[in-house]
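**Student:** Take a look at the following structure, please.
Number of protein chains: 2
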Amino acid sequence: MAKTVGESGRGRSQAVHRALKRAILDQALSPGAKLPEDSIGERLGVSRTLVREALVRLSEEGLVDLRPNKGATVARPTLEEGRNLFLTRAALERLVVETLAGRLTPDQIETLSAHIEAEDAAKKEHATSIRLAGEFHTLLAQMTNNASLIRYVNELVARSSLILALYGRPHSSECAVSEHQELLDSLIAGNADVASKLMTHHLDSITTRALLPREDDRNIKDVLSAYAAAEGLA
Amino acid sequence: MAKTVGESGRGRSQAVHRALKRAILDQALSPGAKLPEDSIGERLGVSRTLVREALVRLSEEGLVDLRPNKGATVARPTLEEGRNLFLTRAALERLVVETLAGRLTPDQIETLSAHIEAEDAAKKEHATSIRLAGEFHTLLAQMTNNASLIRYVNELVARSSLILALYGRPHSSECAVSEHQELLDSLIAGNADVASKLMTHHLDSITTRALLPREDDRNIKDVLSAYAAAEGLA
DNA sequence: CGCAGATATATTGCATACAATAATTGCATC
DNA sequence: GATGCAATTATTGTATGCAATATATCTGCG
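These protein sequence lines map, in sequence, to chains R and X. The numbers in UniProt numbering rise by one with no breaks, and the one at position 46 of the first sequence is 46. The numbers in UniProt numbering rise by one with no breaks, and the one at position 4 of the second sequence is 4.
Below, the structure is given as structure tokens:
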């Protein structure tokens, strides 16, 4: 029992994948950042082969862009892609709550309640708060036992982080904790229709509340043109 | 100009991916089939490296299972996964038609009409008919211009082929052409609600019409128990 | 025969080497 | 200085080789 074999799956390739994914979701690697195969491999102590495999996976998940002969970069969704993504999320998450309404076991209710409490407790710490908010949604999806649904919700929640990193207002708490609580209440009450509407509204709120275009969304030329004009250049 | 460079994108890796995907969807490789890296590479004239990359992609799309140290096989979804998959599909495709209702351009209407005609013409040829039926759904998705929605619908439609290959009744035309026509009519009329309900019903029909458990789906014990009782055994 | 163990074979996991392409730098020229 | 081109360097694309693991074959024993 030399080393913890906790890394099951396709051995270290999965480990590289997870490492990169975490780094991206933590915004240690921000959208647009270049991801050179050998520096990553060097840093992680694996060969380019494994890094490449991980990058292919991440690109399939939509977290990195892969341009032929030009390498990989952290994905940089446009604002419109962001809005569309939240529409897709809503469609899937409505199915989640409709599936779950009136069917939660006491165990699951306990898990969700505890999670909401944790969210409330972490309200001050922005980073943690964002992570927990996302986890609430993936937790719900998990409980449906619907494999494809789970996979897609996980993927979309992950990508939402990217979107919010790019276009989210710094100080908006993306998911209001109270909305999660209401959602849970309606699920317990077994009212699928209400739960569905709450989820729709909840995700809608995120887009209108947190998703406004910021300066650095415009491309560098547009940004610079203002300064150029101010200095009498161009 | 030695060879046609038609394969753009990530060079031959994409080509391998497409080749395998086609083979799977055409059922030239049926669910459960083993996919050894070197025989595939040999046959396609590429190294294992590229085959591996393609297999990773396919596994992310849910078309192949990838078990560590045991290699790749064509995915073999269970019947329950199948039913769940169609639920997920319905959720997404409702969004598709809601997005499209009353917004189709004359061009798009023409495209869809032509497609339905083609479906009608190919009614006799089972294989073609199945392919066209799937393409109708991906065509609709395409028209939403919603990237994530498009990707997921494509993926789910592809996987549906696997499901139907495993559990579909041989002679059921999986998508009734008339239902596609009705759907199109409601989209043109701009009635999002009707379109949504039609889509739900349409996909529901597929599951109840074509997706019934066959004998070889039940496990051997269940099958034998009936015979055992008949013979006064067990 | 049936079966446990050992040997041999096939297949995957991973790293490395080399070729092909893109990015960068340096230099000459205008 | 700015611009276009050549040489250099960095980075990706692909094949191949070796080690590790799984699968199949072949014994010998009960």
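A virtual CB, placed ideally from N, CA and C, is assigned to each residue, including glycine.
Where are the alpha helix (DSSP H) runs, 4 residues long or more, that stay fully inside the UniProt domain "HTH gntR-type" (10-77) of chain R, in chain order?
**Tutor:** Taking only runs of at least 4 residues, the alpha helix (DSSP H) segments lying wholly in the UniProt domain "HTH gntR-type" (10-77) of chain R are 11-25, 37-44 and 48-60.
**Student:** Please say whether A127(R) and R169(R) have beta carbons closer to each other than 7 Å?
**Tutor:** Mapped onto the first sequence, residue 169(R) falls at position 169. Mapped onto the first sequence, residue 127(R) falls at position 127. Against a cut-off of 7 Å, the Cβ pair of A127(R) and R169(R) comes out as no contact.
**Student:** Could you tell me which chain R residues have their CB closer than 7 Å to the CB of R57(X), listed as they occur along the chain?
**Tutor:** Here residue 57(X) refers to the residue found at position 57 of the second sequence. Those within 7 Å of R57(X) in chain R are V56 and E60.
**Student:** Residues of the segment 141-154 of chain X in Cβ contact with chain R at a cutoff of 7 Å, in chain order, please.
**Tutor:** N146, A147, S148, L149 and Y152
**Student:** Answer yes if the segment 104-111 of chain X comes into contact with the segment 95-114 of chain R, meaning at least three C-beta pairs across the two stretches below 8 Å, and no otherwise.
**Tutor:** no
**Student:** Do we get a CB-CB distance below 7 Å when we pair N191(X) with the residues of chain R?
**Tutor:** Here residue 191(X) is taken as the residue at index 191 of the second sequence, counted from 1. No, because no Cβ of chain R sits closer than 7 Å to the Cβ of N191(X).
**Student:** Beta-carbon within less than 7 Å of V46(R)'s beta-carbon, same chain only, minus the 5 sequence neighbours each way: which residues are those?
**Tutor:** Counted from its first residue, the first sequence places residue 46(R) at position 46. If we look at V46(R) and ignore the five residues flanking it on each side, its Cβ neighbours are R12 and V16.
**Student:** Measuring alpha carbon to alpha carbon, tell me which residue in A192(X), L164(X) and K197(X) is nearest T208(X).
**Tutor:** Counted from its first residue, the second sequence places residue 208(X) at position 208. Out of A192(X), L164(X) and K197(X), L164(X) has the C-alpha closest to the C-alpha of T208(X).
**Student:** Helix, strand or coil for G168(R), going by three-state DSSP, please let me know.
**Tutor:** The residue labelled residue 168(R) in the question sits at position 168 within the first sequence. Three-state DSSP puts G168(R) in a strand.
**Student:** State the start and end residues of the unbroken alpha helix (DSSP H) segment that holds A133(X).
**Tutor:** The sequence position of residue 133(X) within the second sequence is 133, counting from 1. Its alpha helix (DSSP H) spans residues H126 to Q142.
**Student:** Give the single residue among K21(X), T88(X) and N69(X) whose Cα lies nearest to the Cα of E61(X).
**Tutor:** Indexing the second sequence from 1 puts residue 61(X) at position 61. When each option's Cα is compared against that of E61(X), the closest is K21(X).
**Student:** Specify, as a first and last residue, the run of the alpha helix (DSSP H) that G82(R) falls within.
**Tutor:** Your numbering for residue 82(R) matches position 82 in the first sequence. Looking at the DSSP string, the run of the alpha helix (DSSP H) that includes G82(R) is L79 to L100.
**Student:** For chain X, find out if any of its Cβ atoms is closer than 7 Å to the Cβ of T88(R); answer yes or no.
**Tutor:** Within the first sequence, residue 88(R) is the residue found at index 88, counting from 1. Yes, T88(R) counts as interfacial toward chain X.
**Student:** What residues are listed by DSSP as bridge partners for L162(R)?
**Tutor:** Within the first sequence, the letter at position 162 stands for residue 162(R). L162(R) is not bridged to any residue.
**Student:** When you compare the CB positions of I24(X) and V74(X), do they come within less than 7 Å of one another, or not?
**Tutor:** Position 24 of the second sequence, counted from the start, is the residue given in the question as residue 24(X). Position 74 of the second sequence, counted from the start, is the residue given in the question as residue 74(X). Yes, they are a contact pair.
**Student:** Please list the terminal residues of the continuous alpha helix (DSSP H) segment that includes A209(X).
**Tutor:** One-based indexing of the second sequence puts residue 209(X) at position 209. One detail in the question is off: residue 209(X) reads as Arg in this sequence, not Ala. From DSSP, the alpha helix (DSSP H) with R209(X) extends over A192 to A210.
**Student:** Go through its chain and collect everything with a Cβ distance to Q181(R)'s Cβ below 6 Å, but skip five positions before and after it.
**Tutor:** The count along the first sequence starts at 1 and reaches residue 181(R) at position 181. Annotation for Q181(R): I116 place their beta carbon closer than 6 Å to its own, counting only its chain and skipping 5 residues before and after.
**Student:** How many Å lie between R151(X) and R159(X) at the Cα?
**Tutor:** Counting from one through the second sequence, the residue named residue 151(X) turns up at place 151. Counting from one through the second sequence, the residue named residue 159(X) turns up at place 159. Those two C-alpha atoms are separated by around 12 Å.
**Student:** Give the range of the alpha helix (DSSP H) segment to which A122(X) is assigned.
**Tutor:** Translated into the one-based positions of the second sequence, residue 122(X) becomes position 122. Premise fails: A122(X) is in no alpha helix (DSSP H) and is neither H nor E.
**Student:** Leaving out five residues before and five after A19(R) in sequence, what residues of the same chain have Cβ atoms less than 7 Å from its Cβ?
**Tutor:** Here residue 19(R) corresponds to residue number 19 of the first sequence, with the count starting at 1. Cβ neighbours of A19(R) beyond the five flanking positions: L44.
**Student:** Consult DSSP for E184(X) and reduce its assignment to one of helix, strand or coil.
**Tutor:** As a first step, residue 184(X) must be located in the second sequence, where it is residue number 184. Before going further, note that residue 184(X) is Leu rather than Glu in the sequence given. Of the three classes helix, strand and coil, the one that applies to L184(X) here is helix, per DSSP.
**Student:** Just to confirm before moving on: does the CB-CB distance between S30(R) and E98(R) stay below 7 Å?
**Tutor:** Within the first sequence, residue 30(R) is the residue found at index 30, counting from 1. Within the first sequence, residue 98(R) is the residue found at index 98, counting from 1. Not in contact: S30(R) and E98(R) (Cβ atoms no closer than 7 Å).
**Student:** Which residues in chain X sit within 8 Å of L92(R), going by Cβ to Cβ distance?
**Tutor:** In the first sequence, the residue the question calls residue 92(R) occupies position 92. Those within 8 Å of L92(R) in chain X are T88, A91 and L92.
**Student:** Is any beta-carbon of chain X found at less than 7 Å from that of L85(R)?
**Tutor:** For the purposes of this step, residue 85(R) is taken as residue 85 along the first sequence, with counting starting at 1. Closer than 7 Å: yes.
**Student:** Kindly confirm or deny that the segment 197-205 of chain R and the segment 79-92 of chain R touch, where touching means at least three C-beta pairs closer than 8 Å.
**Tutor:** Between the segment 197-205 of chain R and the segment 79-92 of chain R, the count of Cβ pairs shorter than 8 Å is three or higher; the stretches touch.
**Student:** Quick check on DSSP: helix, strand or coil for T111(X)?
**Tutor:** Within the second sequence, the letter at position 111 stands for residue 111(X). Three-state result, T111(X): helix.
**Student:** Just the chain X side, please: which residues come within less than 8 Å of L156(R) by C-beta, in chain order?
**Tutor:** By one-based count along the first sequence, residue 156(R) stands at place 156. The answer, in chain order, is S148.
**Student:** In chain R, what lies closer than 9 Å to E117(X) by C-beta?
**Tutor:** Here the question's residue 117(X) lines up with position 117 in the second sequence. Within chain R, no residue comes near E117(X); the closest Cβ sits about 30 Å away, beyond 9 Å.
**Student:** Are the Cβ atoms of E81(X) and A114(R) separated by less than 7 Å?
**Tutor:** Walking along the second sequence from the start, residue 81(X) turns up at place 81. Walking along the first sequence from the start, residue 114(R) turns up at place 114. Taking 7 Å as the Cβ cut-off, E81(X) and A114(R) do not qualify as a contacting pair.
**Student:** Could you check the C-alpha separation between V5(R) and Q14(R) for me, to the nearest Å?
**Tutor:** The residue labelled residue 5(R) in the question sits at position 5 within the first sequence. The residue labelled residue 14(R) in the question sits at position 14 within the first sequence. For V5(R), the predicted model reports a pLDDT of 34, less than 50, meaning its position is unreliable; a value from the coordinates is still stated below. If you take the alpha carbons of V5(R) and Q14(R), they lie about 12 Å apart.
**Student:** In the structure shown, what three-state DSSP assignment does V157(X) receive?
**Tutor:** Numbered from its first residue, the second sequence carries residue 157(X) at position 157. Reduced to three states, the DSSP call for V157(X) is helix.
**Student:** Alpha carbon to alpha carbon, what distance is there between A33(R) and L166(X)?
**Tutor:** Looking up residue 166(X) in the second sequence gives position 166. Looking up residue 33(R) in the first sequence gives position 33. Approximately 43 Å between the Cα atoms of the pair.
**Student:** Can you tell me the Cα-Cα spacing of V177(X) and T138(X), whole angstroms?
**Tutor:** Against the second sequence, residue 177(X) aligns to sequence position 177. Against the second sequence, residue 138(X) aligns to sequence position 138. Those two C-alpha atoms are separated by around 15 Å.
**Student:** Measure from the C-beta of L95(X) to each C-beta in chain R and report whether the shortest distance is under 7 Å.
**Tutor:** Here residue 95(X) refers to the residue found at position 95 of the second sequence. L95(X) counts as touching chain R.
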